[in-house]
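Input: a single structure, listed below in structure tokens.
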Amino acid sequence: MRMIICVLAVIVKVFSKVPSPEERDELIAELTKLREDVQPDASNMNLVSYSEKMGLIADKWVSRCIPDYPSHYSNPEFGDYGFIFSKYPGLPQFKDALITAAKKDAYNFTRNFCTGTCRYYKQAVSAKSTKVGCAKQYCDNNGLGLVACAFNSAERVRGGRPYDCGPSCSKCPHDYSCVHRQCSSMSPESDRTKSALSTTLTMLILYSCN
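According to mature numbering (1 follows the signal peptide of the UniProt record, and there is no 0), the sequence shown holds residues -16 to -1, 1 to 194 in order.
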């Protein structure tokens, strides 16, 4: 009996886990591209980085094997975080969560209208987010693979627009650089980022969000 319990504990440990360093890099690259390519351009989009703390938040949720997005009402301990979430039969893959978020064509920014479901897209391109962490879990009780990515932004994106329209980086803090059309607190790698930000600011008066 003790051996069976140990084996079950190992199985749970194997299937409830956070991304490897390589998987983290892939997740951040995909999210960065998604945020870079918003249309119309975002004036205040922050560059996201991976956070182990957010990964633990995501793991805390998927380890419960609840096949749904955490409700801020039923699960107030998750109320300060935004999530993208996926559930598919079989073993989970981190790319599953990004697939559910890649709904750019389903969202009309001007009308703030979704054709179908684009809740997770709006969360993935929420401008105020700066940190993200992911976790996955296979659940024996329902045969589903769950993946969640938690964002540090508590901004509600279901009703409002996820970012401010305008020339890329035009609303970045003055000491930030512009990296992949996103505001970054990291030091710029070259003068090109400063130049791009200056050019963006001069375009502000000519920009249209329609």
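Beta carbons: idealized from backbone N, C-alpha and C, even for Gly. In this text, all values refer to a predicted model and were calculated from it rather than measured experimentally.
Presumed contact (8 angstroms Cβ cut-off) between residue i and residue j, rounded CB distance
| i | j | result |
| --- | --- | --- |
| Asn125 | Cys49 | 6 angstroms |
| residue 243 | Phe69 | There is no way to answer for residue 243, as the model of the chain reaches only from -16 to 194. |
| Ser76 | Tyr105 | A small fix is needed here, since residue 76 is Pro in this sequence, not Ser. The pair is not a contact, with the Cβ atoms about 20 angstroms apart (cut-off 8 angstroms). |
Check whether residue i and residue j have beta carbons under 9 angstroms apart
| i | j | result |
| --- | --- | --- |
| Cys133 | Met38 | yes |
| Val2 | Cys118 | yes |
| Val22 | Val109 | yes |
| Asp159 | Ala26 | no |
| Glu36 | Met29 | no |
| Phe78 | Val32 | no |
| Lys71 | Leu128 | yes |
For residue i, the three-state DSSP class (helix, strand or coil)
| i | result |
| --- | --- |
| Gly127 | coil |
| Gln107 | helix |
| Phe97 | strand |
| Lys112 | coil |
| Gly117 | strand |
| Tyr122 | strand |
| Lys2 | The sequence as given places Val at residue 2; Lys does not occur at that position. Coil at Val2, not helix or strand. |
| Pro154 | The displayed chain sequence assigns Ser, not Pro, to residue 154. Coil, per DSSP. |
| Ser168 | strand |
| Ser137 | coil |
| Ser192 | coil |
| Cys149 | strand |
| residue 252 | Nothing about residue 252 can be read from this structure; the chain reaches only from -16 to 194. |
Cα-Cα separation, residue i to residue j
| i | j | result |
| --- | --- | --- |
| Arg145 | Pro60 | 23 angstroms |
| Lys44 | Ser192 | 43 angstroms |
| Asp89 | Val46 | 28 angstroms |
| Ser(-1) | Ala86 | Its pLDDT being 49, under 50, Ser(-1) is placed unreliably in this model, and the value from its coordinates should be taken loosely. Distance between the alpha carbons of Ser(-1) and Ala86: 24 angstroms. |
| Ser113 | Thr99 | 24 angstroms |
| Pro5 | Lys120 | 15 angstroms |
| Gly66 | Gln107 | 7 angstroms |
| Tyr91 | Cys102 | 6 angstroms |
| Gly150 | Tyr53 | 31 angstroms |
| Ile41 | Ser161 | 29 angstroms |
| Glu14 | Cys156 | 22 angstroms |
| Thr16 | Asn96 | 22 angstroms |
| His56 | Arg165 | 31 angstroms |
| Met170 | Gly143 | 31 angstroms |
| Pro51 | Val116 | 20 angstroms |
| Ala111 | Asp64 | 16 angstroms |
| Gly74 | Ser58 | 27 angstroms |
| Tyr34 | Arg8 | 7 angstroms |
Contained alpha helix (DSSP H) runs [length at least 4] in the stretch 43 to 91, N- to C-terminal order | Fully contained in the stretch 43 to 91 are the following alpha helix (DSSP H) runs of length 4 or more, in chain order: 79 to 85.
Run through the stretch 4 to 42 for me and flag every whole alpha helix (DSSP H) of 4 or more residues, listed as ranges in chain order.
-> Counting only runs of 4 or more, we get 5 to 20.
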